[in-house]
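A short worksheet on the structure shown next.
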Ligand SMILES: NC(=O)c1ccc[n+]([C@@H]2O[C@H](COP(=O)([O-])OP(=O)(O)OC[C@H]3O[C@@H](n4cnc5c(N)ncnc54)[C@H](OP(=O)(O)O)[C@@H]3O)[C@@H](O)[C@H]2O)c1
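Numbering (mature numbering (1 follows the signal peptide of the UniProt record, and there is no 0)), first residue to last: -30 to -1, 1 to 476.
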């Protein structure tokens, strides 16, 4: 269009002024179009429309589709991909998540309410103008509303320390301004934050024991239009990382070499051009792989940087450290999805097999604090009883001394994190539900694979901000970034308590 305008202007000089005027008008119309469509480029400058939208309220859904049909008996293939048992799982109508209750307050993203004006009395009080509040009435003032910026969008101060020297012998080019890389990739908004071209990451190129892991210098991942680049501050390990590395899911795995790691907490460095809910400087956390087993993220979180789809991210609860936040996503989403799938209701009784693990410690807290279970019983070994009680458990069965399936008590909901569905089905009440995470299942039990979802994570923010639900890092404390092999060896003993976390990652 600019070229045709220029040629028209040179051939008909007497019409130069009207032509330039028309060019200007049509140019402005083009700008309107690119703004409406989310962005564009004019005269070498990039334009982006900034759309901060709030997460939709938790919409109740009538059903999950058919209740998951039991996966009956082995030999079962490796855990079926999520599609086999249903996609993301909003709670059914009637669940405590679907119906706002004192136990599960409305999401903290609703429109601000104005402080009520005092009812006039006689004689009327002197006129005092109540200051309008922008804080939702039901949220403590310290809460950060989901979607609200935590640093000024214009901040150009790098929020992280310079990366450590590269690995010996590996050539590293000097850091580049993010906007240079951005323009090259054509996917991200202009960034004022510095991102290096390479970073340290744990990788493996062959399946095997933890020893196949190597710390290497590799390119920082590009971000797609719907992704953000996160500077990783902390990551956590999950048993699925080990199972993947052992080749147990090789038929559905992403290609090797790969960077393991699902759980991440860190700071947004760069955003893709379709990203609207997050901006540079936001402190976020996520399970970076939407489907845990079906083509999980090839370049995961055990690295200095990782790219994450916007839809998987949530703002980090301000009360939590990066290490605490990183300990949560995969495990807490698993517990949440399990209870949503069985429609756990206020006042029901729950039996959790394996309460001391990464999933179990969070499942106990969610059952009590979020879903309002009246009774939570779990299995654990003797040394972990006090800890489990501190999480809200009513009774701990020492699985090394007692056979829980031989006890008289029965429960509305049974959650098996150990792989003993055949025993767990014996402790469920008639008409109750048994949900399993691993191992063979038998009716009425069923198994599912967690689906990562940032909005579901954000729904738990009020409970994490209030301290009703706590992150539990293994008593050994966080492992450093150089101790990832040792951390995997420890997790794979099957004796970890709470979560095995890698922090800090600088
Ligand atoms: N399907 C999914 O989407 C999904 C999602 C997450 C996890 N998972 C799977 O679920 C399982 C649990 O995950 P996790 O992260 O919780 O594992 P984890 O943290 O490694 O679990 C370790 C805990 O399990 C306890 N434990 C071990 N054997 C037990 C037994 N026989 N009875 C009771 N407790 C026992 C241990 O306590 P003691 O030291 O007292 O024995 C330990 O505290 C893993 O197989 C994992 O792969 C599946």
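Don't be surprised by glycine CBs; every beta carbon is placed ideally from N, CA and C.
Asked	Found
Whether residue 267 touches residue 319 by CB criterion (8 Å)	no
Three-state secondary structure (DSSP) of residue 323	strand
Counted within 10 angstroms of its Cβ, other Cβ atoms place residue 109 as buried (16 or more) or exposed	No answer about residue 109 holds up, because its pLDDT of 27 lies below 50 and its placement is not dependable.
Check: residue 420 C-beta below 7 Å from any heavy atom of ligand 1	yes
For residue 462 and residue 209, the rounded distance between their alpha carbons	7 Å
Exposure label - residue 170; buried when at least 16 CB within 10 Å	buried
Cross-strand partners of residue 405 (DSSP beta bridge)	385, 416
Contact test: residue 301 Cβ vs ligand 1 heavy atom, cutoff 7 Å	yes
Touching by the beta-carbon criterion (3+ pairs, under 8 Å), the segment 268 to 288 and the segment 248 to 256	yes
Nearest-angstrom Cβ-Cβ length linking residue 351 and residue 443, presumed shorter than 8 Å	Actually they are not in contact, since the Cβ atoms of residue 351 and residue 443 sit about 19 Å apart, beyond 8 Å.
Alpha carbon of residue 290 to alpha carbon of residue 430, nearest angstrom	13 Å
N-terminal and C-terminal residue of the beta strand (DSSP E) that residue 457 is part of	Not the beta strand (DSSP E): residue 457 falls in the alpha helix (DSSP H), residues 454 to 461.
Status (buried if at least 16 other CB within 10 Å, exposed otherwise) for residue 175	exposed
Coil, strand or helix - residue 332 by DSSP	helix
Cα-Cα separation, residue 219 to residue 390	21 Å
Selection from 331, 332, 336 that minimises the alpha carbon distance to residue 315	336
Best match in 423, 460, 458, 466 for proximity to residue 260 [C-alpha to C-alpha]	423
Check: residue 208 C-beta below 7 Å from any heavy atom of ligand 1	yes
Residue 302, enclosing alpha helix (DSSP H) - first and last residue	299 to 311
DSSP-derived helix/strand/coil call for residue 254	strand
Reduced DSSP secondary structure (H/G/I, E/B, other) of residue -4	Note that residue -4 has pLDDT 40, beneath the 50 cutoff, so the model's placement of it is unreliable and the number below is only indicative. Helix, per DSSP.
Three-state secondary structure (DSSP) of residue 345	strand
Proximity test, residue 361 beta-carbon vs ligand 1 heavy atom, cut-off 7 Å	no
Pick from 231, 173, 312 that is closest to residue 404, judged by C-alpha positions	312
Cβ pair residue 471, residue 452 closer than 8 Å	no
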